[in-house]
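>
Protein chains: 2
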Amino acid sequence: MLKMSKLTDYGTMVLAFLAANPTRMQSASDVARDTHLALPTVSKLLKLMTRTGLVVSTRGALGGYQLARAPEEISAADVIDALEGPVAITQCSGSVGHCELEDVCGVSSSWQKINVAIRRALDEVRLPHLAAAEFRMPPMNLMGIPITQETDRR
Amino acid sequence: MLKMSKLTDYGTMVLAFLAANPTRMQSASDVARDTHLALPTVSKLLKLMTRTGLVVSTRGALGGYQLARAPEEISAADVIDALEGPVAITQCSGSVGHCELEDVCGVSSSWQKINVAIRRALDEVRLPHLAAAEFRMPPMNLMGIPITQETDRR
DNA sequence: TCAATCAGGACTATTTTAGTACTAATTGAG
DNA sequence: CTCAATTAGTACTAAAATAGTCCTGATTGA
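So the protein sequences, as listed, match chains G and R.
With my numbering as the guide, the letters of the first sequence map in order to residues 5 to 158.
With my numbering as the guide, the letters of the second sequence map in order to residues 5 to 158.
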């Protein structure tokens, strides 16, 4: 199905929330409260995204998180890279440049082409676009089964 | 990482093998022997791909499998659809047309755009391209770790 | 009738993903 | 200087998805 992990979905929500007030420092608890995600999960996400440079953190009392750059500068590809590692439809195709035998290896060509296409699409969509989507997914029916935006039970 | 499942990888190998002799009927054992995959796995794959119409089967003694259509008519998207279900980066985005609230739901727009781009890329690559890749992946180094084309241990 | 073969599904094992908990480090404020 | 709030790191547990196996039944050519 080639689907994103839940964590990435949540990550988008968290980033969308931070994007709403880019200048304001938000603690993990703030984010958890407003996104309705469980605190430990939000905490984990923020830590991950700090390490990968999507958000910046301030430690100590009154500490918290902020976006590392303008929302327009954060793409879907950035989020997925941060939370799932580099996009790579096959094992070796993610390591362009690392693979010494790239020009011998037939795998590169076709799957690589696909990878590039995917990445380009993911690069074009930025946080503001995603943020618009995040907060208004209504309950809907998927093949007869009623679903809602899936969030962490807590 | 957005990666394909192993099964899909194997599926490609199996199809590539069938594509080598499109007119010849191959039993599951034949395929297993020549692809170096475990028989039960190959069997499972072939059954799945038969049900989804990628290959046709003939039962009974002297039975076996053949491609359902010309190799050029089978795309990467077909293989993934058959073995992993429809490509859909988010939950609801796979059900275009089924979702009654599609025009209300903000999720459609951005992720949908990404989905379409991915699907187009997957549609363009056909079995002959993939087949060329399948049989000559040499041992290589991935970030210092020596790897080979991963196959089923059996 | 038998042996070879596919069909279907149940089941188990493995791996990946999600989620939690605990301990250490940092820092502003009283 | 101490305390409370807060992030950092990491280890661990739980749940879900994926992979893989096996068994039983149906089909068919010899």
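Don't be surprised by glycine CBs; every beta carbon is placed ideally from N, CA and C.
Could you tell me the boundaries of the alpha helix (DSSP H) in which G:S33 lies?
Counting along the chain, the alpha helix (DSSP H) containing G:S33 begins and ends at 32-39.
> Here's the rule: buried if 16 or more other CB atoms are within 10 angstroms of the residue's CB, otherwise exposed. What is G:N25?
By the 10 Å Cβ count, G:N25 comes out exposed.
> Determine, for G:G110, whether the minimum Cβ-Cβ distance to residues of chain R falls below 7 Å.
Here the model assigns G:G110 a pLDDT of 45, short of 50, so the residue's position is not dependable, and the following value carries that caveat. By this cut-off, G:G110 is an interface position.
> Whole-angstrom Cβ separation of G:Q30 and G:G67, contact assumed at under 8 Å?
Rounded, the Cβ-Cβ distance is 10 Å, inconsistent with contact.
> Check whether the region 126-138 of chain G and the region 42-61 of chain R touch, using three or more Cβ-Cβ pairs below 8 Å as the test.
In short, these stretches do not touch, since the Cβ pair count stays below three.
> Quick check: what's the CA-CA separation for G:T12 versus G:E128?
Rounded to whole angstroms, G:T12 to G:E128 spans 17 Å at the Cα level.
> Going by the DSSP bridge assignment, what does G:T62 pair with across the sheet?
Per DSSP, G:G68.
> I need the DSSP call for R:R123, collapsed to helix, strand or coil.
In the structure shown, R:R123 sits in a helix (DSSP, three-state: H, G or I).
> I'd like to know whether the C-beta of G:H133 is nearer than 7 Å to at least one C-beta of chain R.
Yes, because at least one Cβ of chain R sits closer than 7 Å to the Cβ of G:H133.
> Take every Cβ of the region 13-23 of chain R, pair it with every Cβ of the region 39-47 of chain R, and state whether three or more of those distances are shorter than 8 Å.
The region 13-23 of chain R, when compared against the region 39-47 of chain R, does touch it at the 8 Å Cβ threshold.
> From R:V120 to R:A81, what does the alpha carbon distance come to, in whole angstroms?
The alpha-carbon atoms of R:V120 and R:A81 are separated by roughly 12 Å.
> Quick one: does G:V2 have its CB under 7 Å from some CB of chain R?
Any property of residue 2 of chain G remains undetermined from this structure, which presents chain G solely from 5 to 158.
> Tell whether a beta-carbon distance below 7 Å holds between G:V35 and G:V59.
The answer is no: Cβ separation not under 7 Å.
> On the criterion of 16 or more Cβ atoms from any shown chain inside 10 Å, does G:T39 qualify as buried, or is it exposed?
Result: buried.
> Assuming G:I84 contacts G:M8 (C-beta within less than 8 Å), just tell me the rounded distance between them.
Their Cβ separation, rounded to whole angstroms, is 7 Å, which keeps G:I84 and G:M8 in contact under 8 Å.
> Which residues mark the beginning and the end of the alpha helix (DSSP H) in which G:I84 is found?
Counting along the chain, the alpha helix (DSSP H) containing G:I84 begins and ends at 80-88.
> Check whether the Cβ atoms of G:L134 and R:L6 sit closer than 7 Å, and answer yes or no.
Contact: no.
> Report the CB separation of R:L71 from R:L22 in whole angstroms; it is logged as a contact under 8 Å.
Their Cβ separation, rounded to whole angstroms, is 5 Å, which keeps R:L71 and R:L22 in contact under 8 Å.
> Check the Cβ-Cβ distances between R:L49 and every residue of chain G, and say whether any is below 7 Å.
Taking Cβ atoms only, chain G never reaches closer than 7 Å to R:L49, which makes this a no.
> Would the beta-carbon of G:E88 fall within 7 Å of that of G:R130?
The answer is no: Cβ separation not under 7 Å.
> What are the boundary residues of the alpha helix (DSSP H) that R:R130 is part of?
Premise fails: R:R130 is in no alpha helix (DSSP H) and is neither H nor E.
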